[in-house]
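Undergrad:
Numbering (the working numbering), first residue to last: 317 to 401.
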């Protein structure tokens, strides 16, 4: 699944780890027929620019995604940062 692909690419930003930051970032994107992304954006902030930016980088790093059944697929996915995981 898309969540599993993203989960394999998760990393904790060192600055956020040192500062004890945790949070959930909601990311919205269009997955195109070739598995590439368009219109990638944070649709729900964690309250931390560091975590929000990391979530976008993680999603970008996870490309290409499986081809959607139609020409494109709009997806909202949470990227969760929890320190003890």
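Cβ atoms here follow ideal geometry from the backbone N, Cα and C, with glycine treated the same way.
Buried or exposed: where does residue 399 fall if 16 or more other Cβ atoms within 10 Å of its Cβ makes it buried?
TA: With fewer than 16 Cβ atoms within 10 Å of its Cβ, residue 399 is classed as exposed.
Undergrad: Out of 379, 349, 354 and 377, point me to the one whose CA is closest to residue 387's CA.
TA: Here the closest residue by C-alpha is 349.
Undergrad: Is residue 356 helix, strand or coil when you go by DSSP?
TA: Reduced to three states, the DSSP call for residue 356 is strand.
Undergrad: Put residue 346 into one of helix, strand or coil per three-state DSSP.
TA: Strand.
Undergrad: Tell me which same chain residues have a C-beta within less than 7 Å of the C-beta of residue 355, skipping the five on either side of it?
TA: Closer than 7 Å at the Cβ level, and outside the excluded window around residue 355, lie 345 and 346.
Undergrad: By alpha-carbon positions, which one of 342, 343 and 328 ends up nearest to residue 336?
TA: Among 342, 343 and 328, the Cα nearest to that of residue 336 is on 328.
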